[in-house]
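Protein chains in written order, with our numbering: chain B, 617 to 822; chain P, 8 to 134.
Glycine included, C-beta positions come from ideal geometry on N, C-alpha and C.
Here's the structure, in structure tokens; my notes come after.
In structure tokens, the structure reads:
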């Protein structure tokens with residue numbers, strides 16, 4: 617009995633992830649606990665979001681080594697700034713992925729070879745909006761829902777949204793890649809996201 | 008002008024704008040409650056696209072991140088004091104000065120946990 621109690625305490629102190637039921641983990645609660653400096657909560661939040669943080673950054677940067685470096689920066693930033701998270705303005709996962717995406721896009725745009733990257737990645741993206749990364753883990757409900765909702769967009773909406781989000785292109789770059797007027801690209805980004813929002817059932821109350 | 012800026016909210020939510028445009032949209036959002044909600048929802052929808060980019064990271068990323076976190080103090084107290092009234096800042100600075108560590112339970116395996124303390128202390132006092 618005492619032995620069990622001790623091992624549980626040791627487990628807590630070494631931040632081994634809690635193997636609790638994945639469905640019961642609430643990212644909002646975890647991020648709030650992280651904001652109070654709770655390292656065990658951070659380890660659990662890591663397990664919940666890291667594959668998407670890393671996958672998203674890798675998708676934008678197309679370089680696993682660089683993606684790993686940026687993912688580490690992002691996840692440590694989540695730890696440092698978690699106290700700023702306010703659930704009234706959106707979900708914890710959205711907060712984390714927004715940081716990850718912005719950081720990945722910033723890195724991509726600061727690359728010296730960005731002009732070449734734009735042409736290379738853009739051409740590939742139009743032909744294959746889902747690359748091999750997306751297929752590494754299959755059968756996840758969220759992924760299926762996202763894919764279904766992306767399929768629900770018009771071709772142009774889907775292209776402008778995925779070129780910006782997954783490839784990190786600015787709207788003028790997207791306009792250039794698709795040979796489409798700037799105004800049309802801006803409009804399709806907005807109405808594409810609105811359609812995605814409605815399909816995914818996203819709501820923000822405050 | 009405002010309608011022009013508002014047409015950027017989709018691109019803004021996708022981080023597809025430049026720094027100047029982002030600042031303009033931020034200003035626009037400060038003046039428009041409905042726009043803020045719209046952008047929050049579009050951001051939420053955009054962030055769900057991360058579900059479609061799932062990729063298992065190398066195991067060393069977890070080790071590296073947790074190791075970095077163990078030696079990085081969240082600037083929690085300075086953030087709170089920035090928003091809190093003066094009395095809270097005072098309480099925080101007193102707490103920082105008097106407590107051997109602000110997180111006693113997490114300190115069993117800590118060697119350098121208090122290395123952040125003087126900086127936070129200065130920060131809290133300077134407010």
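A straight line joining the alpha-carbon of residue 769/B with that of residue 76/P spans about 40 Å. For residue 667/B, the C-beta contacts it makes with chain P under 8 Å involve 61, 62, 63, 64, in order along the chain. With respect to chain P, the C-beta atom of residue 686/B has no partner C-beta closer than 8 Å.
Shown here for residue 670/B: same chain residues with a beta carbon closer than 8 Å to its own, the five before and five after excluded, namely 683, 684, 687 in chain order.
Per DSSP, reduced to three states, the secondary structure at residue 42/P is helical. For residue 783/B, there is no enclosing alpha helix (DSSP H), as DSSP gives it neither H nor E. Residue 12/P is outside the set of residues whose beta carbon lies under 8 Å from a beta carbon in chain B. With distances taken between CA atoms, residue 58/P lies nearest to 761/B out of 761/B, 797/B, 697/B, 811/B.
Note on geometry: alpha-carbon atoms of residue 26/P and residue 659/B lie some 33 Å from one another.
Contact of residue 55/P with chain B is assigned, a C-beta pair being separated by under 8 Å.
In chain order, 780, 786, 787, 801, 802, 805, 806 make up the part of chain B whose C-beta sits under 8 Å from the C-beta of residue 18/P.
Residue ranges of uninterrupted alpha helix (DSSP H) with 4 or more members, entirely inside the segment 669 to 710 of chain B and ordered along the chain, are 680 to 697. Interface with chain P (8 Å Cβ-Cβ cutoff): residue 723/B is excluded. Using a C-beta cut-off of 8 Å, the segment 41 to 57 of chain P makes contact with the segment 17 to 26 of chain P, since at least three inter-stretch Cβ pairs fall below that distance.
Interface residue (Cβ-Cβ distance to chain P less than 8 Å): residue 658/B is classified as such. Ranked by how close their Cα comes to the Cα of residue 662/B, the residues 69/P, 63/P, 41/P, 46/P have 69/P in first place. Residue-level contact check: residue 38/P does not touch chain B, since none of the beta carbons of chain B fall below 8 Å from its beta carbon. In this structure, DSSP gives residue 797/B a state outside helix and strand, which the three-state scheme calls coil. The CB of residue 78/P never comes closer than 8 Å to any CB in chain B; the least such distance is about 10 Å. Neighbours of residue 58/P in chain B, taken as residues at a C-beta separation under 8 Å, are given in chain order as 668, 756, 758, 759, 761, 762. Within the model, the alpha-carbon separation for residue 689/B versus residue 785/B is close to 21 Å.
Contact of residue 34/P with chain B is not assigned, every C-beta pair being separated by 8 Å or more. For residue 45/P, same chain residues with a beta-carbon under 7 Å away, outside a window of 5 residues either side, are 16 in chain order. DSSP places residue 79/P outside both helix and strand once states are collapsed to three, so it counts as coil. Taken through DSSP and simplified to helix, strand or coil, residue 819/B comes out as coil. Rounded to whole angstroms, residue 41/P and residue 765/B show a C-alpha spacing of 25 Å. Counting of Cβ neighbours within 10 angstroms places residue 757/B among the exposed residues, the total staying below 16. Annotation: the continuous alpha helix (DSSP H) that includes residue 31/P extends over 26 to 37. Residue 48/P has a beta carbon lying within less than 8 Å of a beta carbon in chain B. A Cβ of chain B is located within less than 8 Å of the beta carbon of residue 68/P. One finds nothing in chain P with a Cβ atom closer than 8 Å to the Cβ of residue 726/B; even the nearest lies about 12 Å away. Straight across, the Cα-Cα distance linking residue 650/B with residue 716/B is about 17 Å. DSSP, reduced to helix, strand and coil, places residue 62/P outside both helices and strands of the structure shown, so it counts as coil.
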